[in-house]
Structures are given as C-alpha cells and as structure tokens.
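Just so you know, we're using numbering that gives the first Met the number 0 here: the sequence shown kicks off at 0 and counts up by one. We put the CB at the ideal spot given by N, CA and C, even for glycine. Comments concern the structure below.
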Amino acid sequence: MRNKLVLQTIPSEILRQKALPVEKVTSEIVDIAHDMIEMMREHKGIGLAANQAGLLHRIFIADLSGELINNVLSSTEDISGRTELIIINPEIIWKNEEETFTYDEGCLSVPKQNADVVRPKSVIMRYTNHLNETHEIKAECLLSQCFQHEIDHLNGVLFIDHLSKLKASLLLKKLEKERKFRDE
Ligand SMILES: [Zn+2]
Numbered sequence: 000m001r002n003k004l005v006l007q008t009i010p011s012e013i014l015r016q017k018a019l020p021v022e023k024v025t026s027e028i029v030d031i032a033h034d035m036i037e038m039m040r041e042h043k044g045i046g047l048a049a050n051q052a053g054l055l056h057r058i059f060i061a062d063l064s065g066e067l068i069n070n071v072l073s074s075t076e077d078i079s080g081r082t083e084l085i086i087i088n089p090e091i092i093w094k095n096e097e098e099t100f101t102y103d104e105g106c107l108s109v110p111k112q113n114a115d116v117v118r119p120k121s122v123i124m125r126y127t128n129h130l131n132e133t134h135e136i137k138a139e140c141l142l143s144q145c146f147q148h149e150i151d152h153l154n155g156v157l158f159i160d161h162l163s164k165l166k167a168s169l170l171l172k173k174l175e176k177e178r179k180f181r182d183e
C-alpha cells in the first residue's frame with residue numbers, strides 16, 4: 000500500500016527545496032507519476048510538480064486535455080490521444096527570447112491567488128518519459144507557461160517570485176488572511 004500524497008501549500012518547506020534528478024525510471028517512479036495525475040485532477044490543476052505532492056523527484060505532470068494540446072508545436076513523443084504528459088528530469092533547451100506571453104497564473108500550492116506572470120512565449124523542453132525514453136517537445140502559450148511554472152517548482156521557485164516585492168507581499172497577506180478565516 001502506497002502512502003497517499005498530500006498537497007503542499009505555502010509555507011511548506013518542501014516547496015522551497017530543489018528536487019533531485021530521477022536516476023532510473025522504475026515502476027515506483029511511474030506509480031508516483033500516476034498518483035500525481037490523480038492529485039492534479041482531484042484539485043483541477045493543469046500542472047503538478049513533485050514538490051507539491053511532498054516529494055523531491057524531478058517529475059511533473061502537464062495537462063493535455065482540452066485546448067492545451069493545441070499549444071504543442073512539435074513533439075518527438077507520440078502524444079496523440081493523451082490527456083496528460085509525464086515529464087521526468089526536464090530541461091529547457093531553447094526559449095523564445097523575443098516574444099513573451101503573459102498569463103494570470105495561479106498555483107495549487109498558493110491557494111486562490113492569481114497574478115500576471117510574463118514568460119518566454121515558446122520553449123523546447125527535453126525530458127524523459129514514463130518509458131525511460133528521451134524526448135523533446137516544443138510548446139507555446141499556456142502549455143509553455145505551464146512547463147516553465149512546473150520546472151520552477153522543481154527548483155524551489157514559486158510564481159510569486161516573478162512578481163514585484165510589493166505585489167508578492169500583498170498576495171501573501173491576502174493568503175494569510177484567508178487561512179486565518181478558514182481556521183477560525
Ligand atoms: Zn504551481
């Protein structure tokens with residue numbers, strides 16, 4: 000019986016830690032990835048990094064259902080019919096420095112808070128999949144934003160770190176207020 004994963008929210012320490020490379024894609028790693036998919040669906044996210052599930056593996060899940068599949072520009076992995084991607088040991092190998100994309104980002108680990116974050120519009124990411132194959136995917140807009148947001152998580156970085164100090168502190172204050180309200 001595997002331990003059920005628990006969603007980590009700030010100020011959980013693990014969100015600020017750097018996840019470690021997966022040395023080998025074992026069946027245990029694949030099981031964890033599937034548990035993460037379940038967690039992402041349960042909380043209605045479009046991405047989930049291992050830190051958010053309390054684990055320090057360089058793994059994240061990206062939603063491919065709905066419109067997000069349209070943000071895939073090219074892919075060496077056959078993803079037809081897939082509703083999510085299992086991404087292990089990701090690495091951005093190219094990013095569009097000329098064009099940016101702004102999105103009102105949110106995060107399951109920073110409940111109910113959103114803010115505009117500007118990132119490169121498109122990226123190429125190299126990764127290992129659940130079959131231990133190396134692949135590359137080029138994505139734009141929201142899916143590219145998702146990849147960058149999740150890789151940030153694996154490096155202990157949150158979307159609020161991309162905001163001005165003032166904006167970030169306002170957002171954290173709001174979150175603290177809501178937490179107190181909930182606990183009362
Ligand atoms: Zn997040």
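Distance cut-off 8 angstroms: residue i Cβ against heavy atoms of ligand 1
i, result
"Q147", "no"
"H56", "no"
"Q51", "yes"
"V117", "no"
"A18", "no"
"G80", "no"
"C140", "no"
Option nearest residue i by Cα separation, candidates the options
i, options, result
"T133", "N154, P119, S108 and P89", "P89"
"L157", "V109, K94 and H56", "V109"
"S51", "L162, N154 and K176", "A quick correction: the sequence has Gln, not Ser, at residue 51. Nearest C-alpha to Q51: N154."
Beta carbon proximity, residue i to chain D, threshold 9 angstroms
i, result
"L141", "Reference to chain D is not applicable here, since this structure consists of a single protein chain."
Residue i, DSSP secondary structure in three states
i, result
"E45", "Looking at the sequence shown, residue 45 is not Glu but Ile. Reduced to three states, the DSSP call for I45 is coil."
"D77", "coil"
"L72", "strand"
"I234", "It is not possible to answer for residue 234, since the shown part of the chain is limited to 0 through 183."
"G203", "Here the chain comprises residues numbered 0 to 183, so residue 203 is not present and cannot be evaluated."
Any non-hydrogen atom of ligand 2 within 8 angstroms of residue i CB
i, result
"G46", "This structure lacks ligand 2; the ligands present are ligand 1."
Between the segment 78-92 and the segment 169-176, can you find at least three pairs of beta-carbon atoms closer than 8 angstroms?
Short answer: they don't touch.
Check whether the segment 91-104 and the segment 38-47 touch, using three or more Cβ-Cβ pairs below 8 angstroms as the test.
Contact between the segment 91-104 and the segment 38-47 is absent, with fewer than three C-beta pairs closer than 8 angstroms.
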